[in-house]
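A.B. asks:
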Amino acid sequence: MNLGRGPLSRRRFLAAAGLASALALTGCGGGEAKGADEKSVALVTPQKAGDGGPTDNLVSGLATLKAAGYSTRHVAAPDPSSHESTLRNLAQSGTPVIVVSFSDFTQVLKTVAPDFPKTKFVHIYSDPYKPEMPNVQTVSFDTQGPSYLAGVLAATVSKTGVIGFIGGTAIPSLYADYHAFEAGAKATRADIALKSAFVGSFGDPVKGQQIAQTMFNNKVDVVLAYAGGSSVGVVKAADQAKTHVIYDNVESDQTAGSVIAIASQHYGGTMAKRVRGIDDGSWKPGGTVAGLADDGTFLDRAKKFRAEAGAPDLDSAFKKVDETKQKIVDGSIDVPFNTDPV
84 MNLGRGPLSR
94 RRFLAAAGLA
104 SALALTGCGG
114 GEAKGADEKS
124 VALVTPQKAG
134 DGGPTDNLVS
144 GLATLKAAGY
154 STRHVAAPDP
164 SSHESTLRNL
174 AQSGTPVIVV
184 SFSDFTQVLK
194 TVAPDFPKTK
204 FVHIYSDPYK
214 PEMPNVQTVS
224 FDTQGPSYLA
234 GVLAATVSKT
244 GVIGFIGGTA
254 IPSLYADYHA
264 FEAGAKATRA
274 DIALKSAFVG
284 SFGDPVKGQQ
294 IAQTMFNNKV
304 DVVLAYAGGS
314 SVGVVKAADQ
324 AKTHVIYDNV
334 ESDQTAGSVI
344 AIASQHYGGT
354 MAKRVRGIDD
364 GSWKPGGTVA
374 GLADDGTFLD
384 RAKKFRAEAG
394 APDLDSAFKK
404 VDETKQKIVD
414 GSIDVPFNTD
424 PV
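The working numbering numbers the first residue of the sequence shown as 84 and each following residue consecutively.
1. Helix, strand or coil for Ala107 per DSSP?
2. Between Thr422, Val425, Asp423 and Val412, which has its C-alpha nearest Gly228's C-alpha?
3. Exposed or buried, what is Thr194 when buried is set at 16 or more other beta-carbons lying within 10 Å of its beta-carbon?
4. Can you tell me whether Gln220 is helix, strand or coil according to DSSP?
5. Assess, as a yes-or-no matter, whether the segment 290-301 is touched by the segment 257-277 under the definition of 3 or more beta carbon pairs within less than 8 Å.
6. Out of Phe281, Ala273, Ser230 and Ile246, point me to the one whose CA is closest to Ile254's CA.
7. Tell me the DSSP bridge mates of Leu126?
8. Assuming the contact rule is C-beta atoms closer than 8 Å, Trp366 and Gly360 should be a hit. Round their C-beta distance to whole Å, please.
9. Under 7 Å Cβ to Cβ from Asp287, same chain only, skipping five residues before and after it: list those, please.
10. Would Val358 pass as a contact of Ser341 if the rule is Cβ separation under 7 Å?
11. Extract the residue ranges of the beta strand (DSSP E) inside the segment 335-385, only unbroken runs of 3 or more that lie entirely within it.
12. For the 8 Å Cβ check, are there 3 or more pairs between the segment 159-179 and the segment 338-353?
13. For the alpha helix (DSSP H) holding Phe264, just list the boundary residues, first then last.
14. Express the C-alpha separation of Val182 and Lys213 in angstroms, rounding to a whole number.
15. If you run the structure through DSSP and keep just helix, strand and coil, what is Phe420?
16. How far does the beta strand (DSSP E) with Ser168 in it extend, from its first residue to its last?
17. Apply the 10 Å Cβ neighbour rule to Val315 and answer buried if 16 or more other Cβ atoms are within range, or exposed otherwise.
18. Where does Lys131 fall in DSSP's three states?
19. For Ser399, does the three-state DSSP call read helix, strand or coil?
20. Which partner residues of Lys302 appear in the DSSP bridge assignment?
21. Less than 7 Å separating the beta-carbons of Val127 and Ala174?
22. Give me, in chain order, the residues of the same chain whose beta-carbon lies closer than 6 Å to that of Gly370; leave out the 5 immediate sequence neighbours on both sides.
23. Taking 6 Å as the limit between beta carbons, can you name the residues of its chain near Thr138, skipping five residues before and five after?
24. Could you check where the alpha helix (DSSP H) with Tyr231 kicks off and where it finishes?
25. Pick out whichever of Lys408, Val245, Glu121 and Ala310 has its Cα sitting closest to the Cα of Thr155.
26. Could you check where the alpha helix (DSSP H) with Val245 kicks off and where it finishes?
27. For Ala321, which three-state DSSP category applies?
28. Tell me which residue opens and which closes the alpha helix (DSSP H) that Ser143 is part of.
29. Name, in chain order, the residues that DSSP records as bridge partners for Tyr57.
30. Check the C-beta distance from Val328 over to Thr271 and give it rounded, since I have them as a contact under 8 Å.
31. Once you ignore the five residues that flank Arg389 on each side, which residues in its own chain have a CB closer than 8 Å to its CB?
32. I'd like to confirm the pairing. Which residues does DSSP put opposite Lys203 in its beta bridges?
33. Report the option in Gly283, Gln190, Ser184 and Ala268 whose CA atom is closest to the CA atom of Gly250.
34. Which residues does DSSP list as the beta-bridge partners of Leu307?
35. Just to confirm before moving on: does the CB-CB distance between Ala426 and Thr422 stay below 7 Å?
Structure below.
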């Protein structure tokens, strides 16, 4: 999770001599952009794919678009000094839709987009631009929905009555996630107790493990880990303590012992929907929000979890989660947005 939930701050992200050197193309093919009248899209990310994180998720969205008949390309641009030239080269070569991801591109897009009014830009994981630009759509993710559901799940399966929240850094978006988690837990179980801590980094699994061990030694038996790379350490601590984690990263065999659910964002699917909206007429400039209702954010049962003796009853727990999700979507439950420090 959220990758700073703003998941962005959880992720770290060739100066170009020309287009060929600037565009380190990976995955999903495409060749030269063919012109604004054709279905073509370029995704520009501040890091390479391959770590199982948000960039890989976005690239999976390109695969969806390719299957739908789009010409696609992925441009990995880890050097910030190449960002402006990369976007300009793509737009000048006729790419009709350019998608960028995370906060790294905010200032550059403000500079480049006005120069290419016929090019549509989609900025994944960004707050709305002020003033609004007529050819730019931003997408933010409502992570409080899955956080609330995580509270419902944690309170339902906890045997000790004490649950925990471990965030990456102490930032307003993670405070909001904590308060939503707390609200979901207390709505489910009035006597539930909560503990919270922040690692101070989204890339320190050792400290994440130490913090989690302290929690598990103090009765916590379920933790929501919104700490990016630091969450790996939380999982290790849970494996040792025989406790459970609601995780914000990709499942693997290493998570099968303790991770009961994944709380995150469908970056790729959301991107594909926004791009297809340009062709079906639903696209509009300005800010948009992806959430539980459109599967932009989610809390899903972990597919790899190995239920052993004493494991929680996830069938009944997720029945309650699903019922709660529907109430959030239809408006009968109002998930709080509270950025007060924890």
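Even for Gly, the Cβ is constructed at its ideal location relative to N, Cα and C.
C.D. replies: Taking the geometry as given:
1. Note on Ala107: pLDDT 38, under 50, position unreliable in the model; the coordinate value appears next. Under the three-state reduction of DSSP output, Ala107 falls in the strand class.
2. Val412
3. exposed
4. Reduced to three states, the DSSP call for Gln220 is strand.
5. no
6. Phe281
7. His157 and Val182
8. 4 Å
9. Ser313
10. no
11. 342-348, 369-373 and 380-384
12. Because the criterion of three Cβ pairs below 8 Å is not met, the segment 159-179 and the segment 338-353 do not touch.
13. Pro255 to Thr271
14. 19 Å
15. In this structure, DSSP gives Phe420 a state outside helix and strand, which the three-state scheme calls coil.
16. From DSSP, Ser168 is part of no beta strand (DSSP E) but of the alpha helix (DSSP H) over His166 to Gln175.
17. Taking all protein chains in view, the Cβ of Val315 is crowded by 16 or more other Cβ atoms within 10 Å, so the residue is classified as buried.
18. coil
19. Three-state DSSP puts Ser399 in a helix.
20. Lys302 pairs with nothing; no bridge assigned.
21. no
22. Result list for Gly370: Pro211 and Thr221, in chain order.
23. Thr128, Gln130 and Ala132
24. Going by DSSP, Tyr231 is part of the alpha helix (DSSP H) stretching over Gln227 to Val240.
25. Glu121
26. Careful: Val245 lies outside any alpha helix (DSSP H), inside the beta strand (DSSP E) at Val245 to Gly250.
27. helix
28. Pro137 to Ala150
29. Since the displayed the chain opens at 84 and closes at 425, residue 57 lies outside it and no answer follows.
30. At roughly 18 Å, the Cβ-Cβ gap does not stay under 8 Å, so Val328 and Thr271 are not in contact.
31. Ala339 and Gly340
32. Val180
33. Ranking the options by Cα distance to Gly250, first place goes to Gly283.
34. Phe248 and Ile329
35. There is simply no residue 426 to check, as the chain begins at 84 and stops at 425 in what is shown.
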